[in-house]
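Enquirer: Got a structure for you, questions after.
6 protein chains.
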Amino acid sequence: MNLTHLDQNDRPNMVDVGDKEVTKRVAVASGIIKMSQEAYDLIASNQAKKGPVLQTAVIAAIQGAKQTSTLIPMCHPLMLTSIKCDIEHLEDLPGFKLIVTAKLSGKTGVEMEALTGVSIGLLTIYDMIKAVDKSMIITDIMLDKKSGGKSGEYVRG
Amino acid sequence: MNLTHLDQNDRPNMVDVGDKEVTKRVAVASGIIKMSQEAYDLIASNQAKKGPVLQTAVIAAIQGAKQTSTLIPMCHPLMLTSIKCDIEHLEDLPGFKLIVTAKLSGKTGVEMEALTGVSIGLLTIYDMIKAVDKSMIITDIMLDKKSGGKSGEYVRG
Amino acid sequence: MNLTHLDQNDRPNMVDVGDKEVTKRVAVASGIIKMSQEAYDLIASNQAKKGPVLQTAVIAAIQGAKQTSTLIPMCHPLMLTSIKCDIEHLEDLPGFKLIVTAKLSGKTGVEMEALTGVSIGLLTIYDMIKAVDKSMIITDIMLDKKSGGKSGEYVRG
Amino acid sequence: MNLTHLDQNDRPNMVDVGDKEVTKRVAVASGIIKMSQEAYDLIASNQAKKGPVLQTAVIAAIQGAKQTSTLIPMCHPLMLTSIKCDIEHLEDLPGFKLIVTAKLSGKTGVEMEALTGVSIGLLTIYDMIKAVDKSMIITDIMLDKKSGGKSGEYVRG
Amino acid sequence: MNLTHLDQNDRPNMVDVGDKEVTKRVAVASGIIKMSQEAYDLIASNQAKKGPVLQTAVIAAIQGAKQTSTLIPMCHPLMLTSIKCDIEHLEDLPGFKLIVTAKLSGKTGVEMEALTGVSIGLLTIYDMIKAVDKSMIITDIMLDKKSGGKSGEYVRG
Amino acid sequence: MNLTHLDQNDRPNMVDVGDKEVTKRVAVASGIIKMSQEAYDLIASNQAKKGPVLQTAVIAAIQGAKQTSTLIPMCHPLMLTSIKCDIEHLEDLPGFKLIVTAKLSGKTGVEMEALTGVSIGLLTIYDMIKAVDKSMIITDIMLDKKSGGKSGEYVRG
């Protein structure tokens, strides 16, 4: 099996998707940020009022997803038709889970867009609360499911 | 304790660092990508030859770190003086650990630059090997240490 | 009536246009910059010779329109097929009116692209003449007309 | 009097600020968006709950201000030390006024950064409410005051 | 004959390609960097081991090609379906030739994307070896061939 | 002699300039575009009137120079204090020579900014006249001189 991003001279390339079919593609990715109780309470109670930490993270996730082909060298430029974010409050951890759903009618999948959105959103939470807790950990960034395209459906087992 | 990125009306702002001193600042962050044995072997053996997956990740990490203030809404634009990447082969996991060190002589810290570099670098590894393994997990993105500035030295315990 | 950019949890999202039809879409927007007689004369007479202030503004408007989805958080990335700029000399104001026409064959409208082009173009005029007049005012940025898409034709009354 | 952005051949250039002093510079700019009562009420009541339209606009204004030197051709890249946004509810208009304050210790002023932030923030409000009201007008974008640098203090009369 | 990027008032515009057909388009461009024997040997022998100068150049070429519509004012945003790079070792010059192939299914050609990729890739080689040789010359950047679109096939004579 | 952009593991890095002195740095670079008589006449006569091809190229060169650290992977972000462009009409070639002068008070040189500006400016000329002549060649992109920094003055022999 070969890595599709490396050509026969082991030079990176942006793989040719010109002959792929245009299909509806959806990818859902998620990730978690773990933090101290103090940091969690500040964000959660603040969100009860106006929630700007989490809303800033959502906006950053959406804008980050749109920058995927600029950031990840071998990614194709895509015209995303939808980006949607959800946040779960993980009181027991404590921390937050960010879920990003990206959609496209196109020739290549949107896994990287969903994963990049998750990463940028979680980094934004880190940035906005780091004065309180520098030891936060971003973890469990993964693809939850994808559909569309030749490789078909993937659902994390 | 207040979140420094929220003003008195709970609106996000980019905090004023105009009166902070210019000091030498260093931040080291790291993160891990876990993968299947097959994916690991393909990257590792390829690196034994020319290693373009990991080198592409290093380049993406450096370029991503430079985009931090574009990606993270409340981050200040900074003139990084150095970005350095190291990669550890974690044969037993299996997977790879990416460590990014960012430096600056400036008025605010470079934690976010190091963390953003780590995130983009690991996403790049994911992208280049995802045809082989979609279940990879990016995890343990954290600040290892920082120095410089009023808050002084931080070393993860 | 609901705001389409806010989901049921009042979190911003990038609305799903995946099921919209691809139609030809055109949007025309305009805006005005008012200035002192001295500033106006410098630009107008200079344009009589080589006109670089207005031409720089036109180029900035075109490049700015292409950055719309990067700048406006909930905007979709689009593949504009045409951007055209016109400038009217408003001798009596005195000032200039910038009109930007954006076109697309796609699933969502190009109003924001036209409006963003107008804004960036007028800011560029401000920048290039601000040494002479800091009191200039950018005003009357509005959508003049649009066509295409489900909501059909709009012409300012 | 000459335009400083045009050299002796009437070609645009980025003026040399190398010999200017580093001083603390502050600029305050503002602008207004006028809208229908229905659009105003939707934003205002929504903000009473969670306010994401205005908070999204604030975030876009901050990120837009950081892109000034990319958007405005003759602007110098700057390392802003602070960006702060305020929004006034203009119930009688009805509409909203966005005020952006930008700060820098540097060799050139930050008027364009404040003005660009205002423009992008107001465009974002337009984008998020345009499904309800396409006839909104962005107006009165102006410099309110500036300080620092050789040209000294400016306060709109 | 008229220049298509200038409208009837000699103002630049982004030409309307809305009515053009979607066809498969391919462009191949190339360019050369000439250098001292010492610089050449360092790159070539290093490439024999791990080759990061040339691989960094390839990655930069790919990422640069994706930025074409941001960099070249009148270029349309495009969704490239493939970018591929080749490097020839010109031992006798000495120097290197970089060849970039860009592909698209779209309404306008990809010559500028291929040429921009070549330019950015060669500049990256310059950057990475300039400590050894400042007198390098980048030369012979040209379109080798293109196909697709109304103007049909072009092959350099 | 080692390449400064490769660390001991042959991984690219952004070299540490933190301990370098802040000095005034100037770099002058140039390049040439050769074209058919027809293409040359169209640009030159047009410039006699309003010159937008060359002025668009100048603006693109300035904006491109500001993007250098985004485009060239190992380049440091810099705060250029000046960018100036000159164009020579080479009637006999025929073609045009673009000269870009970049200035900075900083810790690292601005050669790459001047060279990138030249490249983007010449590509812009190519783009705007390519409907008339696809066989144009961009050539002789080189550093003409630099001053400032530890390595001192360089003047092409």
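Each protein sequence line maps, in turn, to chains A, B, C, D, E and F. The first sequence begins at 156 in our numbering and counts up one residue at a time. The second sequence begins at 156 in our numbering and counts up one residue at a time. The third sequence begins at 156 in our numbering and counts up one residue at a time. The fourth sequence begins at 156 in our numbering and counts up one residue at a time. The fifth sequence begins at 156 in our numbering and counts up one residue at a time. The sixth sequence begins at 156 in our numbering and counts up one residue at a time. All C-beta atoms, glycine included, are put in the ideal place defined by N, C-alpha and C. For clarity, every value in this text was computed on a predicted model and none was experimentally measured.
1. Could you run through the stretch 226-240 of chain E and flag, in chain order, every residue whose CB is less than 9 Å away from some CB of chain A?
2. Within this structure, are the beta carbons of Val-183(E) and Lys-300(E) separated by less than 9 Å?
3. Whose Cβ in chain G lies nearer than 7 Å to the Cβ of Ile-214(F)?
4. Is Glu-243(B) helix, strand or coil by DSSP?
5. Using the Cα positions of Leu-248(A) and Leu-197(B), report the straight-line distance between them to the nearest angstrom.
6. Around the C-beta of Glu-193(C), are 16 or more other C-beta atoms found within 10 angstroms, so that it is buried, or is it exposed?
7. So with CB distances below 9 Å, who are the chain B contacts of Pro-207(A)?
8. Please report how far the alpha carbon of Ala-132(C) lies from the alpha carbon of Leu-253(C), in whole angstroms.
9. Nearest-angstrom Cα distance between Phe-251(B) and Met-291(A)?
10. For Gly-261(B), decide whether its Cβ has a neighbour in chain D, counting only Cβ atoms nearer than 9 Å.
11. Curious, which full-length alpha helix (DSSP H) runs of at least 4 residues does the stretch 156-204 of chain E contain?
12. Check whether the Cβ of Gly-186(C) lies closer than 9 Å to any Cβ atom in chain A.
13. Let me confirm a value: Arg-311(B) is counted as buried when at least 16 other C-beta atoms fall within 10 Å, else exposed. Which label applies?
14. Under DSSP, the beta strand (DSSP E) around Ala-257(D) begins and ends at which residues?
15. Taking the straight line between their C-alpha atoms, what separation do you get for Ser-237(B) and Leu-278(E)?
16. With DSSP collapsed to three states, give me the class of Asp-288(E).
17. Within 9 Å (strictly less), CB to CB, does Gly-250(C) reach chain A?
18. Where are the beta strand (DSSP E) runs, 3 residues long or more, that stay fully inside the stretch 263-312 of chain F, in chain order?
19. Shorter than 9 Å from the beta carbon of Glu-176(A) to some beta carbon of chain B?
20. Mapping DSSP to helix, strand and coil, what is Ile-214(F)?
21. Flag Gln-222(B) as yes if its beta-carbon sits less than 9 Å from any beta-carbon of chain E, otherwise no.
22. Here's the rule I'm using: 16 or more other beta-carbon atoms within 10 Å means buried, otherwise exposed. How should Val-273(F) be labelled?
23. Identify, in the order they occur along the chain, each residue of the same chain with its Cβ nearer than 6 Å to the Cβ of Thr-136(B), setting aside the five sequence neighbours on each side.
24. Any C-beta of chain A sitting closer than 9 Å to the C-beta of Ile-284(E)?
25. What residues in the stretch 270-281 of chain C have a beta carbon less than 7 Å from any beta carbon of chain D?
26. Since Ser-237(A) sits in a beta bridge, which residues does DSSP pair it with?
27. Would you decide whether Glu-176(B) is buried or exposed? Buried here means 16 or more other CB atoms lie within 10 Å of its CB.
28. Let's test the definition: count the other Cβ atoms within 10 Å of the Cβ of Lys-305(D) and tell me whether it reaches 16, buried, or not, exposed.
29. What is the DSSP secondary structure of Pro-207(E), counted as helix, strand or coil?
30. For the candidate residues Ala-286(F), His-244(F) and Val-170(F), whose alpha-carbon lies nearest to that of Ser-200(F)?
31. In whole angstroms, give me the CA-to-CA distance for Val-287(B) and Leu-270(E).
32. Please state whether the Cβ-Cβ distance between Gly-303(D) and Ser-260(F) is less than 9 Å.
33. Closer than 8 Å is the cut-off here; do at least three beta carbon pairs connect the stretch 216-234 of chain E with the stretch 219-231 of chain B?
34. Is the Cβ-Cβ distance between Met-297(C) and Ala-212(C) less than 9 Å?
35. Which residues in chain C have a C-beta closer than 9 Å to the C-beta of Lys-300(A)? List them in chain order.
Expert: The short version:
1. Residues of the stretch 226-240 of chain E with a Cβ closer than 9 Å to any Cβ of chain A, in chain order: Pro-232, Leu-233, Met-234, Leu-235, Thr-236, Ser-237, Ile-238, Lys-239 and Cys-240.
2. If you check the CB distance, Val-183(E) and Lys-300(E) come in under 9 Å.
3. In the displayed structure, chain G is absent; the protein chains listed are A, B, C, D, E and F.
4. For Glu-243(B), the secondary structure class from DSSP, reduced to helix, strand or coil, is strand.
5. C-alpha of Leu-248(A) to C-alpha of Leu-197(B): approximately 35 Å in a straight line.
6. With fewer than 16 Cβ atoms within 10 Å of its Cβ, Glu-193(C) is classed as exposed.
7. Result: Leu-158, His-160, Leu-161, Asp-165, Arg-166 and Pro-167.
8. Nothing in the structure corresponds to residue 132(C), since chain C is present only between 156 and 312.
9. The C-alpha of Met-291(A) is placed about 21 Å away from the C-alpha of Phe-251(B).
10. Output row for Gly-261(B): interface = yes.
11. Listed in chain order, they are 192-204.
12. Contact with chain A is absent for Gly-186(C), since none of that chain's Cβ atoms lies less than 9 Å from the residue's Cβ.
13. With fewer than 16 other Cβ atoms within 10 Å, it is exposed.
14. Where Ala-257(D) is concerned, the enclosing beta strand (DSSP E) stretches over 250-261.
15. Just so you know, the alpha carbons of Ser-237(B) and Leu-278(E) end up roughly 20 Å apart.
16. In the structure shown, Asp-288(E) sits in coil (DSSP, three-state: anything other than H, G, I, E or B).
17. Not flagged as an interface residue toward chain A: Gly-250(C), since no C-beta distance is shorter than 9 Å.
18. Under the rule that a run must span 3 or more residues, the beta strand (DSSP E) segments found entirely inside the stretch 263-312 of chain F read 292-302.
19. No, because no Cβ of chain B sits closer than 9 Å to the Cβ of Glu-176(A).
20. Helix.
21. With 9 Å as the cut-off, Gln-222(B) does not count as an interface residue toward chain E.
22. By the Cβ neighbour-count rule, Val-273(F) is buried, with 16 or more other Cβ atoms within 10 Å of its own.
23. Only positions 156 to 312 of chain B appear in the structure, and residue 136(B) is not among them; the question remains open.
24. No - not a single Cβ of chain A is within 9 Å of the one on Ile-284(E).
25. For the stretch 270-281 of chain C, which is checked against every Cβ of chain D, the residues closer than 7 Å are Leu-270, Thr-271, Ser-274, Ile-275, Leu-278, Thr-279 and Tyr-281.
26. DSSP output for Ser-237(A) lists Lys-258(A) as bridge partner(s).
27. Counting other Cβ atoms within 10 Å of its Cβ, Glu-176(B) stays below 16 and is therefore classed as exposed.
28. Looking at its Cβ environment, which holds fewer than 16 other Cβ atoms inside 10 Å, Lys-305(D) is exposed.
29. Secondary structure of Pro-207(E) (DSSP, three-state): helix.
30. Out of Ala-286(F), His-244(F) and Val-170(F), His-244(F) has the C-alpha closest to the C-alpha of Ser-200(F).
31. Between the alpha carbons of Val-287(B) and Leu-270(E) lies a gap of roughly 33 Å.
32. Not in contact: Gly-303(D) and Ser-260(F) (Cβ atoms no closer than 9 Å).
33. With contact defined as three or more Cβ pairs closer than 8 Å, the stretch 216-234 of chain E and the stretch 219-231 of chain B are not in contact.
34. Taking a C-beta distance under 9 Å as the contact criterion, Met-297(C) and Ala-212(C) do not qualify as a contact pair.
35. Those do not exist, as Lys-300(A) stays about 17 Å from chain C at its closest Cβ, beyond 9 Å.
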